[in-house]
Amino acid sequence: MDWEKLKIFRFVAQEQSFTHAGIKLNLSQSAASRQIKKLEEDIGVMLFHRHARGLLLTEQGETLLKYVNEVFDKITSAENSLTINKEKPEGSLRVSTTITFGSVWLTQYIDEFLEKYPEISLTLMVGDKELDLGMREADIAIRLSPPRQPDLIQRHLFTAHVGIFASNKYIQKNGTPTSVKDLLNHKIVSYGDTINMPFPGTNWLTDMLAKLDINFQPVFSINNIVGMIRAVESGIGIAALPTAMVREISSCTQILQDIEGPPVEAFFVYPAELRATRRVTVFRDFILEKVKNFDF
Numbered sequence: 009m010d011w012e013k014l015k016i017f018r019f020v021a022q023e024q025s026f027t028h029a030g031i032k033l034n035l036s037q038s039a040a041s042r043q044i045k046k047l048e049e050d051i052g053v054m055l056f057h058r059h060a061r062g063l064l065l066t067e068q069g070e071t072l073l074k075y076v077n078e079v080f081d082k083i084t085s086a087e088n089s090l091t092i093n094k095e096k097p098e099g100s101l102r103v104s105t106t107i108t109f110g111s112v113w114l115t116q117y118i119d120e121f122l123e124k125y126p127e128i129s130l131t132l133m134v135g136d137k138e139l140d141l142g143m144r145e146a147d148i149a150i151r152l153s154p155p156r157q158p159d160l161i162q163r164h165l166f167t168a169h170v171g172i173f174a175s176n177k178y179i180q181k182n183g184t185p186t187s188v189k190d191l192l193n194h195k196i197v198s199y200g201d202t203i204n205m206p207f208p209g210t211n212w213l214t215d216m217l218a219k220l221d222i223n224f225q226p227v228f229s230i231n232n233i234v235g236m237i238r239a240v241e242s243g244i245g246i247a248a249l250p251t252a253m254v255r256e257i258s259s260c261t262q263i264l265q266d267i268e269g270p271p272v273e274a275f276f277v278y279p280a281e282l283r284a285t286r287r288v289t290v291f292r293d294f295i296l297e298k299v300k301n302f303d304f
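In structure tokens:
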């Protein structure tokens, strides 16, 4: 089929008039009519009923219009994608994430990203309370749980593991627990905020111990995963922590390695209205590439 004829057909179908379609296409009424007549001859069916008040699509015309609209919509999407890829990534970009992920993992790659995209001004907003992307409190969020807000695009980043850790100093002083039940005889560090937890099941270890002993109490609580890591490092007690955030700390050891907490699912989240924003797409692709090569 002739694409130019299909384009004219689409406009004529929308306007239900050769004259009005011709005005939009910069064609005369007779030229538009001739092109439609040739298209009908090419495919061997009548596409319009012609009457005094205008044009009406035939059943075959309705069918053709459906497919023509789909094709032209795909062409428009392709053109938009090509335009996006030519745009220069620039402007401000506000990224919301948890304190631990932002300060321990993400910051090590920020310099590389800004070297690659010097026209982007990046703001990292760390906190365990979720910001409202729909209200533009941030442009992007990296979250350790599926987004609950509507109209958000999400990309799964990784699955993180959570283990039980103690410092070498603590083990030398108090010994190594041999079972979950034995943990009741040890000092436990917990996450102190039960409302704004950084990921679901943050306190799975203390919850499990409380089921074994209704009188169980952690020795120390703090509403910050980095603070929990520092507390374990200093020998205050034992805690359940993200494995990737602790394994490089030589003064800490994973104990009871056959016991893991619930897996933590991380997502890259942004509003649908920003799907075509270049600074968002380059940051998304940068993060996806980095997490691909990291063992969480």
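Sequential numbering of the sequence shown, starting at 9, is according to our numbering.
Think of the CB as a built atom: it goes at the ideal place given N, C-alpha and C, for glycine as much as any other residue.
Element boundaries [alpha helix (DSSP H), containing residue i]
i	result
S25	Where S25 is concerned, there is no enclosing alpha helix (DSSP H), given that its DSSP letter is neither H nor E.
I257	Looking at the DSSP string, I257 is not in any alpha helix (DSSP H), and its letter there is neither H nor E.
T115	115-124
R292	286-300
S41	37-51
L2	Nothing can be reported for residue 2: it is not among the residues displayed for the chain, which extend from 9 to 304.
I237	233-241
Contacting residues, own chain, Cβ-Cβ under 8 Å from residue i (five flanking each side not counted)
i	result
R18	L73, V76, N77, F80
S165	For the record, residue 165 in the displayed sequence is Leu; it is not Ser. Closer than 8 Å at Cβ, skipping near neighbours: I150, A274, F275, F276, I295, L296, V299.
T105	L114, L132, M133, V134, A149, I150, R151
S41	F26
V240	F173, A174, S175, Y178, V197, I246, A247, L249, V254, C260
Length of the line joining the Cα atoms of residue i and residue j
i	j	result
F275	K13	46 Å
V299	F291	12 Å
F26	I51	20 Å
P270	L160	25 Å
A284	S85	11 Å
L114	T66	59 Å
Q22	L63	10 Å
D303	T289	23 Å
I222	F121	49 Å
CB-CB length for residue i against residue j, believed under 8 Å
i	j	result
L296	R163	7 Å
L141	Q116	L141 to Q116, Cβ: 24 Å. No contact.
M216	I237	The Cβ separation is near 20 Å, so there is no contact.
I196	L220	In fact, because the Cβ distance is near 12 Å, the residues do not count as touching under 8 Å.
V170	T261	Contact doesn't hold; Cβ gap of about 15 Å is too wide.
Unbroken beta strand (DSSP E) run spanning residue i, endpoints
i	result
E273	272-279
R61	Looking at the DSSP string, R61 is not in any beta strand (DSSP E), and its letter there is neither H nor E.
G99	99-105
S229	228-230
Close Cβ partners of residue i (< 7 Å) along its chain, the five nearest in sequence each way excluded
i	result
E48	M54, L55
Every unbroken beta strand (DSSP E) within the segment 129-196, with a cutoff of 3 residues, ordered by chain: 148-151, 160-168, 170-175
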